[in-house]
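Report on the structure given below.
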Amino acid sequence: MQVRLLEATENPEELICRGARNDYMSDYVAELSFEDVMEGVEGDDIEEQKANFVAKLVKRGHYGPFEHPSATFAIEGASRSCMAQLTRHRHASFDVQSMRYVSFDDVDPQDVEDGEMVVTPPSATDSDWVGRNQSASDYDDEDVERREEVFRSSVRQSVEDYQELLELGMPPEDARFVLPIGTEVNIVVTLNPRSLMHIADMRAAADAQWEIRDLTEQLLDLASEWCPHTFEYYNSEMKHRKNRLAP
Ligand SMILES: Cc1cc2nc3c(=O)[nH]c(=O)nc-3n(C[C@H](O)[C@H](O)[C@H](O)COP(=O)(O)OP(=O)(O)OC[C@H]3O[C@@H](n4cnc5c(N)ncnc54)[C@H](O)[C@@H]3O)c2cc1C
Numbered sequence: 001m002q003v004r005l006l007e008a009t010e011n012p013e014e015l016i017c018r019g020a021r022n023d024y025m026s027d028y029v030a031e032l033s034f035e036d037v038m039e040g041v042e043g044d045d046i047e048e049q050k051a052n053f054v055a056k057l058v059k060r061g062h063y064g065p066f067e068h069p070s071a072t073f074a075i076e077g078a079s080r081s082c083m084a085q086l087t088r089h090r091h092a093s094f095d096v097q098s099m100r101y102v103s104f105d106d107v108d109p110q111d112v113e114d115g116e117m118v119v120t121p122p123s124a125t126d127s128d129w130v131g132r133n134q135s136a137s138d139y140d141d142e143d144v145e146r147r148e149e150v151f152r153s154s155v156r157q158s159v160e161d162y163q164e165l166l167e168l169g170m171p172p173e174d175a176r177f178v179l180p181i182g183t184e185v186n187i188v189v190t191l192n193p194r195s196l197m198h199i200a201d202m203r204a205a206a207d208a209q210w211e212i213r214d215l216t217e218q219l220l221d222l223a224s225e226w227c228p229h230t231f232e233y234y235n236s237e238m239k240h241r242k243n244r245l246a247p
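If you want it as structure tokens, here you go:
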């Protein structure tokens, strides 16, 4: 899976600060320079003022201003299972690649067996992988070898069946029912920093599944470049403290 930033609000933290400072000033925030808006905030220069103010807001739980900027990310190659988890979050906007209009009629089933089109979970091939509620000693090498064989032949078979159903005249929107939940999908998602911090509270946590944790870490890395003071504070002071943003 890969994630890229498509579009994002320019100067997101200036917007966050303007929004929040608006709450405490009699002047009209749209008519002030950013320096004037930030007058009185601790810090040697405007960047330090921004960092201090953003950190103070998050620390206090004043999250509303973090809803003003937004970023749009393009996700390639997530599983449909991961998509189902991500799209449970309601404060986000999504576009999801359609399996009604995009058919996998020209995919070679051998390539699917080799890892294309369907996400291969690490536990299918990594003998050291231990899932939640499992212990490493539960399975021997033979089990692990057979696990990979079964996984690979199963995904290959499902794509062969799907393509045969298409050839037999079944529409893609119905033939897709035989495809596995690991089938890859591309997603475009728009989030604001508050929403992303909440998703990270839940999905970067140790009890979340490996794939959505990977996705969340990639989103956080991109967000750290886009909205640096906010996510620097989040990563160092708040990450892994579940549900703080939406108690
Ligand atoms: C480890 C893990 C395991 C999970 N297992 C399951 C499972 O087995 N089955 C399952 O169905 N789901 C499961 N979920 C999904 C989970 O229950 C949530 O539905 C999902 O993570 C969305 O998060 P959220 O509830 O915080 O809502 P979001 O949509 O992310 O909303 C953010 C916040 O806004 C507020 N909010 C939004 N909508 C409402 C509303 N209608 N009413 C009141 N407040 C609202 C809440 O405070 C909420 O926390 C799991 C999640 C995790 C992280």
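Under UniProt numbering, the sequence shown is numbered contiguously, ending at residue 247.
Here a beta-carbon is modelled for each residue, glycine too, at the ideal position from N, C-alpha and C.
Being a predicted model, the structure only gives us computed values, none of them experimental.
Give the range of the alpha helix (DSSP H) segment to which ILE199 is assigned.
193-203
Beta carbon of ASP207, beta carbon of MET238: below 9 Å?
no
Give me the Cα-Cα distance between PHE104 and HIS198, rounded to the nearest whole angstrom.
Each residue's Cα considered, the two are about 35 Å apart.
Have a look at CYS82 and ARG213 and give me their C-alpha separation to the nearest angstrom.
10 Å
Mind pulling the alpha helix (DSSP H) runs of 4 or more residues that sit fully within the region 161-237?
Runs found: 172-175, 193-203, 210-226, 228-233.
Taking 8 Å as the cut-off, does the CB of HIS68 come closer than this to any heavy atom belonging to ligand 1?
no
Measure the CB-CB distance between TRP226 and PRO65 and report whether it falls below 9 Å.
no
Quick one: is TYR28 buried, meaning 16 or more other Cβ sit within 10 Å of its Cβ, or exposed?
exposed
Any non-hydrogen atom of ligand 1 closer than 8 Å to ARG153 Cβ:
Per the sequence shown, the amino acid found at residue 153 is Ser instead of Arg. It does not: the Cβ of SER153 is nowhere closer than 8 Å to a heavy atom of ligand 1.
Closer than 8 Å: SER26 CB and nearest ligand 1 heavy atom
no
Can you round the beta-carbon distance between VAL96 and THR183 to whole angstroms, since I take them to be within the 8 Å contact cut?
No, VAL96 and THR183 are not in contact; Cβ-Cβ is about 12 Å, not under 8 Å.
Cβ-heavy atom distance between ARG90 and ligand 1 below 8 Å?
With a cut-off of 8 Å, the C-beta of ARG90 is classified as near ligand 1, since at least one heavy atom of the ligand falls inside that distance.
Taking the runs of the alpha helix (DSSP H) that are 4 residues or longer, which of them lie wholly in the region 28-62?
34-37, 46-60
Spatial neighbours of PRO247 within its chain, please: CB distance less than 7 Å, with the 5 preceding and 5 following residues excluded, ordered by chain position.
Confidence at PRO247 is low in this model, with a pLDDT of 38, below 50, so its placement is unreliable and no value can be given for it.
Given 8 Å as the limit, tell me if ARG203 has its C-beta closer than that to any heavy atom belonging to ligand 1.
yes
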